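A.B. asks: First residue of the sequence shown? That's 0 in numbering that gives the first Met the number 0, and the numbers climb one at a time after it. Virtual Cβ for every residue (Gly too), placed ideally from N, Cα, C. If you're wondering where the values come from, they're calculated on a predicted model, not measured in any experiment. One structure follows; several queries about it will come next.
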Amino acid sequence: MNPDDGFEVPRVTRGFTGRPRERAEVLPPGQYRTDDFPVLSAGPTPRLDPEDWRFTLTEESGSSHHWDWNGLRRLPRETVRTDLHCVTRWSKFGTDWTGYSLDAFFANVTTSARFAFVTSYGGYTTNLPVADLLGGRAWIVTGYGGKPLEPVHGGPARLLVPHLYLWKSAKWVRSITLSDTEDLGFWERVGYHAYGDPWREQRYSL
Ligand SMILES: Nc1nc2c(c(=O)[nH]1)N[C@H]1C(S)=C(S)[C@@H](COP(=O)(O)O)O[C@H]1N2
Ligand SMILES: [Mo]
């Protein structure tokens with residue numbers, strides 16, 4: 000783990016990207032507030048050294064883009080303060096992350112694909128529209144609360160898509176594959192909503 004990673008405590012609390020944070024610290028319907036940070040993992044925590052971490056972004060054409068830890072760290076680093084909303088009904092306000100906007104990963108990507116399929120080390124998967132990864136709304140994060148992201152919360156690197164239910168924020172993220180067809184991920188296949196907007200309470204598809 001690089002020692003400077005995650006040690007920059009965010010000072011700009013809201014709208015560091017220049018956009019207002021809508022409805023920050025307001026509970027979506029059916030949620031309760033917690034100050035804990037529960038751990039929800041469908042399997043064991045993969046132990047992955049940053050040196051062994053790789054991330055692959057594959058276009059619908061099949062051509063792919065790769066980042067290792069050094070490549071990741073060459074991207075512009077951002078701090079993010081955001082609320083989290085888990086489909087199991089807990090919400091946590093004002094969490095501080097450091098990471099890299101998905102916009103930076105898409106800078107040299109040519110795609111008209113609508114759908115993204117995310118795969119983690121350990122085999123977890125989830126799906127979301129490509130559009131939801133763009134526009135300063137999604138990050139690969141490596142720091143939490145001013146420290147390197149703990150393995151149980153997805154370290155060394157996880158996806159963070161806070162405007163959707165937290166199951167979309169794949170821990171130990173390994174790859175994103177773009178496609179014209181919608182493939183469902185681990186929870187979506189067993190009945191969780193394909194999109195998962197907490198403000199519209201899109202918990203289940205059934
Ligand atoms: N790889 C992976 N990512 C995952 C999960 C998982 O089981 N495996 N669980 C998801 C769910 S359901 C939630 S609520 C959040 C929980 O994140 P946390 O454990 O950091 O609170 O991670 C999401 N990302
Ligand atoms: Mo969850």
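Pull up the distance between the alpha-carbon of S111 and that of D179, whole angstroms please.
C.D. replies: Taking the first residue of the sequence shown as position 1, residue 111 is located at position 112. Taking the first residue of the sequence shown as position 1, residue 179 is located at position 180. Straight-line Cα distance between these residues: approximately 8 Å.
A.B. asks: In chain order, what are the residue ranges of uninterrupted alpha helix (DSSP H) at least 4 long that sit wholly in the stretch 59 to 132?
C.D. replies: Correct list: 68 to 72 and 101 to 104.
A.B. asks: CB-CB under 6 Å to E181, same chain, minus the five flanking residues each way: which ones, in chain order?
C.D. replies: Position 182 of the sequence shown, counted from the first residue, corresponds to residue 181. Counting only Cβ-Cβ distances below 6 Å, and skipping sequence neighbours, we find F114.
A.B. asks: On the DSSP letters alone, give me the boundaries of the alpha helix (DSSP H) that R202 sits inside.
C.D. replies: The residue given as residue 202 occupies position 203 in the sequence shown. Premise fails: R202 is in no alpha helix (DSSP H) and is neither H nor E.
A.B. asks: Keeping to the same chain, check which residues put their C-beta closer than 6 Å to that of R188; ignore five residues upstream and five downstream.
C.D. replies: For the purposes of this step, residue 188 is identified with residue 189 of the sequence shown, where counting begins at 1. The answer is none, since no qualifying residue turns up.
A.B. asks: Counting C-beta neighbours from all protein chains within 10 Å, is the total for P147 16 or more, i.e. buried, or is it exposed?
C.D. replies: Mapped onto the sequence shown, residue 147 falls at position 148. Label assigned to P147: buried.
A.B. asks: Would a C-beta distance cut-off of 8 Å place K167 and R157 closer than the cut-off?
C.D. replies: As a first step, residue 167 must be located in the sequence shown, where it is residue number 168. As a first step, residue 157 must be located in the sequence shown, where it is residue number 158. No, the pair does not count as a contact, with Cβ atoms beyond the cut-off.
A.B. asks: Between which two residues does the alpha helix (DSSP H) harbouring F185 extend?
C.D. replies: Along the sequence shown, one-based indexing puts residue 185 at 186. Counting along the chain, the alpha helix (DSSP H) containing F185 begins and ends at F185 to R188.
A.B. asks: Have a look at W186 and L177 and give me their C-alpha separation to the nearest angstrom.
C.D. replies: For the purposes of this step, residue 186 is taken as residue 187 along the sequence shown, with counting starting at 1. For the purposes of this step, residue 177 is taken as residue 178 along the sequence shown, with counting starting at 1. If you take the alpha carbons of W186 and L177, they lie about 19 Å apart.
A.B. asks: Assign S119 to one of two classes, buried (16 or more other C-beta atoms within 10 Å of its C-beta) or exposed (fewer than that).
C.D. replies: Here residue 119 corresponds to residue number 120 of the sequence shown, with the count starting at 1. Buried.
A.B. asks: Anyone know if the C-beta pair for P197 and H84 falls short of 8 Å?
C.D. replies: Sequence index remark: in the sequence shown, residue 197 carries index 198 (1-based). Sequence index remark: in the sequence shown, residue 84 carries index 85 (1-based). Taking 8 Å as the Cβ cut-off, P197 and H84 qualify as a contacting pair.
A.B. asks: When a residue counts only if its C-beta is closer than 7 Å to some heavy atom of ligand 2, which residues count, in chain order?
C.D. replies: In chain order, the hits are L39, C85, V86, T87, Y164, L165 and W166.
A.B. asks: For R80 and G93, I'd like the C-alpha separation in whole angstroms.
C.D. replies: For this step, residue 80 is matched to residue 81 along the sequence shown. For this step, residue 93 is matched to residue 94 along the sequence shown. Whole-angstrom Cα-Cα distance: 6 Å.
A.B. asks: From S62 to R32, what distance separates their C-alpha atoms?
C.D. replies: Sequence index remark: in the sequence shown, residue 62 carries index 63 (1-based). Sequence index remark: in the sequence shown, residue 32 carries index 33 (1-based). Near 43 Å, if we compare the C-alpha coordinates of R32 and S62.
A.B. asks: Taking buried to mean at least 16 other C-beta atoms within 10 Å of its own C-beta, is P28 buried or exposed?
C.D. replies: Numbered from its first residue, the sequence shown carries residue 28 at position 29. Exposed is the call here.
A.B. asks: What three-state label does DSSP hand G171 in the structure shown?
C.D. replies: Translated into the one-based positions of the sequence shown, residue 171 becomes position 172. In the sequence as displayed, the identity of residue 171 is Trp instead of Gly. The answer is coil: DSSP assigns W171 none of H, G, I, E or B.
A.B. asks: Considering only their Cβ atoms, is the gap separating V86 from Y164 smaller than 8 Å?
C.D. replies: Counting from 1 along the sequence shown, the entry for residue 164 is found at position 165. Counting from 1 along the sequence shown, the entry for residue 86 is found at position 87. A contact, by the Cβ cut-off of 8 Å.
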